[in-house]
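Shown next, in structure tokens, is the structure this report addresses.
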Amino acid sequence: MTKAIDAFKKSLKLCVTKEMLLLSITTAYTGLELTFFSGVYGTCIGAVNKFGTEEKSLIGLSGIFIGIGEILGGSLFGLLSKNNRFGRNPVVLLGIVVHFIAFYLIFLNMPGDAPIAPIEGTDSRAYIKPSKEIAILCSFLLGLGDSCFNTQLLSVLGLLHAADSAPAFAVFKFVQSICAAVAFFYSNYLLLHWQLLVMVIFGFFGTISFFAVEWEAAAMVARGSDYRSI
Numbered sequence: 041m042t043k044a045i046d047a048f049k050k051s052l053k054l055c056v057t058k059e060m061l062l063l064s065i066t067t068a069y070t071g072l073e074l075t076f077f078s079g080v081y082g083t084c085i086g087a088v089n090k091f092g093t094e095e096k097s098l099i100g101l102s103g104i105f106i107g108i109g110e111i112l113g114g115s116l117f118g119l120l121s122k123n124n125r126f127g128r129n130p131v132v133l134l135g136i137v138v139h140f141i142a143f144y145l146i147f148l149n150m151p152g153d154a155p156i157a158p159i160e161g162t163d164s165r166a167y168i169k170p171s172k173e174i175a176i177l178c179s180f181l182l183g184l185g186d187s188c189f190n191t192q193l194l195s196v197l198g199l200l201h202a203a204d205s206a207p208a209f210a211v212f213k214f215v216q217s218i219c220a221a222v223a224f225f226y227s228n229y230l231l232l233h234w235q236l237l238v239m240v241i242f243g244f245f246g247t248i249s250f251f252a253v254e255w256e257a258a259a260m261v262a263r264g265s266d267y268r269s270i
């Protein structure tokens with residue numbers, strides 16, 4: 041019990057440190073997009089009547105391609121993290137670019153009322169004719185981008201708090217879970233384009249905040265300082 045209380049106190053202290061506050065913005069974004077690709081996007085695909093009789097089967101196919109993107113990204117960037125000569129910023133930059141491309145394609149391909157459509161689905165049309173291929177491509181991109189963020193976040197947290205990583209990961213999961221829950225709540229009320237806008241805003245500032253932590257940490261390493269405190 042005492043150890044649990046000590047870990048809780050350490051987690052509270054970590055919450056107000058500079059690097060954790062900055063990384064919390066990035067973590068918040070991962071919670072929002074986690075909800076989107078794991079719950080909202082599949083609902084959107086299943087609600088589009090213009091996909092025809094295959095609309096329901098596309099939900100399962102979407103999940104498979106999200107998984108493929110996650111596995112590919114996790115394997116690739118996990119190996120690259122062993123030789124991080126260029127740091128973590130390029131991988132995170134790739135992740136946000138991939139996600140922004142996916143968001144734009146989803147915005148064009150999916151009707152705005154898809155997340156809140158009735159059980160009968162929606163016959164609304166987006167800016168282009170709904171394409172199954174684009175929908176599945178976006179699933180892959182969502183998974184790939186998510187793996188970029190998660191691998192690098194876990195990597196930098198493990199390095200910043202190598203001696204006592206449990207409180208850091210507890211804060212990470214807490215912030216991510218809270219934001220995922222908030223996203224699940226508003227997903228029942230907001231049109232698709234507003235949900236995408238929320239993720240674009242958090243994704244942009246989350247990427248900038250991650251860059252700030254990585255740059256300052258790299259500078260301190262170059263000066264021979266302790267990498268665990270910024």
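The numbering of the sequence shown is the numbering used here, which starts it at 41 and goes up by one.
For every residue, glycine included, the Cβ atom is placed at its ideal position computed from N, Cα and C.
The structure displayed is predicted, hence computed values, not measured ones.
Excluding the 5 residues preceding and the 5 following residue 85 in the sequence, name in chain order all residues of the same chain whose CB lies nearer than 6 Å to its CB.
Locating residue 85 in the sequence shown gives position 45, where the first residue counts as 1. These residues qualify, in order along the chain: 98, 99, 102, 175.
Indicate the three-state DSSP secondary structure (helix, strand or coil) for residue 162 in the structure shown.
Here residue 162 is taken as the residue at index 122 of the sequence shown, counted from 1. Correct three-state label for residue 162: strand.
Taking Cβ positions, are residue 215 and residue 71 nearer each other than 9 Å?
For the purposes of this step, residue 215 is taken as residue 175 along the sequence shown, with counting starting at 1. For the purposes of this step, residue 71 is taken as residue 31 along the sequence shown, with counting starting at 1. Going by C-beta atoms, residue 215 is nearer than 9 Å to residue 71.
Ignore the nearest five residues each way along the sequence and tell me which others in residue 205's own chain have a CB closer than 8 Å to its CB.
What you label residue 205 is simply residue 165 of the sequence shown in a count that begins at 1. Closer than 8 Å at Cβ, skipping near neighbours: 197, 198.
Taking three-plus beta-carbon pairs below 8 Å as touching, is the stretch 207-221 in contact with the stretch 165-173?
At 8 Å Cβ cutoff, the stretches do not touch.
Candidates 49, 61, 232: which alpha carbon is nearest residue 154's?
One-based indexing of the sequence shown puts residue 154 at position 114. Here the closest residue by C-alpha is 232.
Provide the residue span of the alpha helix (DSSP H) that contains residue 73, from first to last.
Counted from its first residue, the sequence shown places residue 73 at position 33. Taken as a continuous stretch (DSSP letters only), the alpha helix (DSSP H) holding residue 73 covers 58-75.
Distance, Cα to Cα, residue 105 vs residue 200?
Within the sequence shown, the letter at position 65 stands for residue 105. Within the sequence shown, the letter at position 160 stands for residue 200. Approximately 33 Å between the Cα atoms of the pair.
Per DSSP, residue 88 forms a beta bridge with which residues?
Translated into positions along the sequence shown, residue 88 becomes position 48. In the DSSP output, where bridge partners are listed per residue, residue 88 has 162.
Just verifying my parser: in three-state terms, what is the DSSP assignment at residue 177?
The count along the sequence shown starts at 1 and reaches residue 177 at position 137. Reduced to three states, the DSSP call for residue 177 is helix.
Take the Cβ of residue 144 as the centre, count every other Cβ of all protein chains shown within 10 Å, and call the residue buried at 16 or more, exposed below.
If you number the sequence shown from 1, residue 144 lands on position 104. Under this definition residue 144 is an exposed residue.
Mapping DSSP to helix, strand and coil, what is residue 186?
Within the sequence shown, numbered from 1, the residue matching residue 186 stands at position 146. Residue 186 falls in the helix class under three-state DSSP.
Taking only the alpha-carbon atoms, compute the straight-line gap between residue 135 and residue 186 and give it to the nearest angstrom.
As a position in the sequence shown, residue 135 is number 95, starting the count at 1. As a position in the sequence shown, residue 186 is number 146, starting the count at 1. Approximately 7 Å, taken between the alpha carbons.
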